[in-house]
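So the sequence shown is numbered by the working numbering: it starts at 76 and just counts up by one.
We put the CB at the ideal spot given by N, CA and C, even for glycine.
Here the structure comes first, spelled out in structure tokens, and everything after it is commentary.
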Amino acid sequence: MTAMPTATQPIPYPTMRYRDAKAMIAWLERAFGFERHVVYDAEDGGIAHAELKCGNGLIMVGSARDDFFGKLVKPPGDLGGTTQSVYVAVPDADAIFARASAAGAEILMGPTDQPYGSRDFICRDPEGQVWCFGTYAPRPGG
């Protein structure tokens, strides 16, 4: 058995549950340019666990289910809203905006120049997750 990789330093990975994770993975690829890193199917036909790459980052996605974690993390539609969003630093926010718009993302704020130098837009995916894209790239450690 191959040992699972372990972190050598803390690295946050946003994790989201979707009602139809298979469809949402395809949509995230089309709308935002994510790429499948790994996808593990669940016995019920859903997604047990998936990792999607975006540049040097990863998000984790799974199907909504009534397990321990599923009682803690729910799709926004189950809650009537969301309490978080994902920010993705990109070199060209306008290009991602055009791609997301073409894929049917609900645009909440069009491309906007911010006073701190970033160009950002905000959208909602078909299941209600809020995504922010901008040219500002925070740097850990200053």
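Distance between residue j and residue i (C-alpha atoms, nearest Å)
i, j, result
"D195", "W206", "10 Å"
"G145", "P186", "34 Å"
"G209", "D116", "32 Å"
"Q189", "P166", "15 Å"
"G192", "G130", "21 Å"
"P109", "I86", "Reading off the sequence shown, one finds Phe at residue 109, where the question assumed Pro. Roughly 19 Å separates the two Cα atoms."
"S176", "D142", "34 Å"
"L154", "G137", "17 Å"
"P152", "G216", "Reading off the sequence shown, one finds Gly at residue 152, where the question assumed Pro. The alpha-carbon atoms of G152 and G216 are separated by roughly 36 Å."
"Y88", "A139", "18 Å"
"G159", "R214", "The sequence shown places Gln at residue 159, not Gly. About 20 Å."
Whether residue i touches residue j by CB criterion (7 Å)
i, j, result
"T81", "M135", "no"
"E104", "P150", "no"
"R92", "V161", "no"
"A212", "A164", "yes"
"L183", "I197", "yes"
Assumed close pair residue i, residue j - CB separation to whole angstroms, cut-off 8 Å
i, j, result
"V114", "A125", "4 Å"
"R199", "A168", "No, R199 and A168 are not in contact; Cβ-Cβ is about 16 Å, not under 8 Å."
"L133", "R111", "Actually they are not in contact, since the Cβ atoms of L133 and R111 sit about 11 Å apart, beyond 8 Å."
"Y204", "T157", "According to the sequence shown, residue 204 is Gln rather than Tyr. Confirmed, Cβ separation roughly 6 Å."
Open item on the list: Would you call the stretch 93–101 in contact with the stretch 113–127, where contact means no fewer than 3 C-beta pairs closer than 8 Å?
Closed with: yes
Task: Sequence ranges, beta strand (DSSP E) only - wholly within the stretch 115–149, length at least 3 - done: 122–129 and 132–138
TODO: Identify every run of the beta strand (DSSP E) within the stretch 153–209, keeping only runs that are complete inside it and at least 3 residues long; order them along the chain.
DONE: 160–164, 181–188, 194–199 and 205–209
Task: Ranges of the beta strand (DSSP E) found wholly within the stretch 82–114, counting only runs of at least 3 - done: 90–93
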